[in-house]
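Student:
Residue numbers (the numbering used here): 726 to 945.
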């Protein structure tokens, strides 16, 4: 626009539609951030850890990559309905990671080491994760392939919601089976390092306190 040569007396201004689009994107960002915060708090209470939920939340950006690729390949633009579908998708896709991580923790409490628990947990929860995802995807599929600009409830007005859900769930589930266990081990290492570091600081502080008491001069 800045390079467009306008005649004298003419100007270009952004219309209400573009301003409304900017407001919609801003509201979507705030809503998404609030949704992720609430999801994180629920998982933190479930896992009794502030770090382990981060391994599950890695499914969200992976799922968003699927949303955008499906929209791009099908020629569907991201609209308000698609953004709503993306927020709904966030609440669904984290269930797969929760199922896997919770089962891994159960196996570790039963005595398995971390490597065995991760492998066994992924194997045991493969079928439930695939079953829940496929049933959800096939349920939404008629909505995602609906045609027509005003073709009733499955018309073009709401196909964006279905495609966002289908793309996000398929991509997020596939990557969850590989990425979430890897991130889990990394987060577990960080958690163990932080615990050891804080324990060392506490032990050092207690040792220094006992040393001061030992060398203190006798009372007159």
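Where is the CB? At the ideal position from N, CA and C, for every residue including glycine.
Just tell me which of 739, 884, 747 has its CA closest to the CA of residue 726.
Tutor: Counted from its first residue, the chain shown places residue 726 at position 1. If we check each option's Cα against that of residue 726, 739 comes out closest.
Student: In whole angstroms, what is the alpha-carbon distance linking residue 895 and residue 793?
Tutor: The count along the chain shown starts at 1 and reaches residue 895 at position 170. The count along the chain shown starts at 1 and reaches residue 793 at position 68. Distance between the alpha carbons of residue 895 and residue 793: 12 Å.
Student: Among residues of its own chain, excluding the 5 on either side of residue 912, which ones have a beta-carbon nearer than 8 Å to its beta-carbon?
Tutor: Taking the first residue of the chain shown as position 1, residue 912 is located at position 187. Around residue 912: 776, 777, 779, 780.
Student: Going by alpha carbons, who is nearest to residue 907 out of 735, 783, 728, 750?
Tutor: In the chain shown, counting from the first residue as 1, residue 907 sits at position 182. Closest by alpha carbon: 783.
Student: With three or more beta-carbon pairs closer than 8 Å as the criterion, would you say the stretch 801-818 touches the stretch 760-771?
Tutor: These segments touch.
Student: How close, in whole Å, do the beta carbons of residue 847 and residue 771 come, if the pair is a contact with beta carbons under 8 Å?
Tutor: Sequence index remark: in the chain shown, residue 847 carries index 122 (1-based). Sequence index remark: in the chain shown, residue 771 carries index 46 (1-based). Their Cβ separation, rounded to whole angstroms, is 19 Å, which puts residue 847 and residue 771 out of contact at 8 Å.
Student: I think residue 893 touches residue 789, with their Cβ atoms under 8 Å apart; what is that distance to the nearest whole Å?
Tutor: Here residue 893 refers to the residue found at position 168 of the chain shown. Here residue 789 refers to the residue found at position 64 of the chain shown. With a Cβ gap of about 7 Å, residue 893 and residue 789 count as contacting.
Student: Any idea if residue 735 is buried or exposed, counting beta-carbon neighbours within 10 angstroms, 16 or more meaning buried?
Tutor: Mapped onto the chain shown, residue 735 falls at position 10. Counting Cβ neighbours within 10 Å, residue 735 comes out exposed, since fewer than 16 surround it.
Student: Is the stretch 820-832 in contact with the stretch 849-861, if contact means three or more CB pairs nearer than 8 Å?
Tutor: Contact holds: three or more Cβ-Cβ distances are below 8 Å.
Student: Suppose contacts are defined by Cβ-Cβ distances below 8 Å. Is residue 809 in contact with residue 750 by that definition?
Tutor: Working through the chain shown from its first residue, we reach residue 809 at position 84. Working through the chain shown from its first residue, we reach residue 750 at position 25. The answer is no: Cβ separation not under 8 Å.
Student: Going along the chain, which residues of its own chain have a beta-carbon closer than 6 Å to the beta-carbon of residue 840, five neighbours each way excluded?
Tutor: Mapped onto the chain shown, residue 840 falls at position 115. Here the set comprises nothing.
Student: Spatial neighbours of residue 796 within its chain, please: CB distance less than 8 Å, with the 5 preceding and 5 following residues excluded, ordered by chain position.
Tutor: On the chain shown, position 71 is the one that residue 796 refers to. The residues are 802, 803, 807, 885, 888, 889, 892.
Student: Might you give, ordered along the chain, the residues of its own chain that have their beta carbon closer than 6 Å to the beta carbon of residue 822, omitting 5 neighbours on each side?
Tutor: Numbered from its first residue, the chain shown carries residue 822 at position 97. Contacts found: 781, 784, 901, 905.
Student: Roughly how many whole angstroms lie between the Cα atoms of residue 871 and residue 857?
Tutor: Numbered from 1 along the chain shown, position 146 holds the residue referred to as residue 871. Numbered from 1 along the chain shown, position 132 holds the residue referred to as residue 857. One C-alpha to the other measures close to 23 Å.
Student: Can you confirm whether residue 805, when its beta carbon is compared against all beta carbons of chain D, has any partner nearer than 8 Å?
Tutor: Absent from the structure is chain D; it holds one protein chain and no more.
Student: State the start and end residues of the unbroken alpha helix (DSSP H) segment that holds residue 797.
Tutor: Position 72 of the chain shown holds residue 797. Taken as a continuous stretch (DSSP letters only), the alpha helix (DSSP H) holding residue 797 covers 784-798.
Student: Checking 8 Å against the spacing of the C-beta atoms, do residue 859 and residue 883 come in under that value?
Tutor: Reading the chain shown from its first residue, position 134 is the one you call residue 859. Reading the chain shown from its first residue, position 158 is the one you call residue 883. Not in contact: residue 859 and residue 883 (Cβ atoms no closer than 8 Å).
Student: Does the Cβ-Cβ distance between residue 843 and residue 909 come in under 8 Å?
Tutor: The residue given as residue 843 occupies position 118 in the chain shown. The residue given as residue 909 occupies position 184 in the chain shown. Contact: yes.
Student: Would you report the Cα separation of residue 747 and residue 897, rounded to the nearest angstrom?
Tutor: Here residue 747 refers to the residue found at position 22 of the chain shown. Here residue 897 refers to the residue found at position 172 of the chain shown. Their backbone Cα atoms lie some 27 Å apart in a straight line.
Student: When you compare only the Cα positions, how much space is there between residue 833 and residue 845?
Tutor: Translated into positions along the chain shown, residue 833 becomes position 108. Translated into positions along the chain shown, residue 845 becomes position 120. Near 10 Å, if we compare the C-alpha coordinates of residue 845 and residue 833.
Student: By Cβ distance below 6 Å, which residues in the same chain neighbour residue 878 in space, the five residues on each side in sequence not counted?
Tutor: As a working mapping, residue 878 is identified with position 153 in the chain shown. Confidence is the limiting factor: at residue 878 the pLDDT is only 47, short of 50, which leaves the residue's position unreliable, though a coordinate-based value still follows. Result list for residue 878: empty, nothing under 6 Å.
Student: Output the distance between the C-alpha atoms of residue 876 and residue 866, rounded to the nearest integer angstrom.
Tutor: Against the chain shown, residue 876 aligns to sequence position 151. Against the chain shown, residue 866 aligns to sequence position 141. At residue 876 the pLDDT is 46, less than 50, meaning the model places this residue with poor confidence; the figure from the coordinates comes in the next sentence. So the two alpha carbons sit approximately 16 Å from each other.
Student: Which class does residue 748 belong to by DSSP, given the choice of helix, strand or coil?
Tutor: Here residue 748 refers to the residue found at position 23 when the chain shown is read from its first residue. Residue state, collapsed to three classes: helix.
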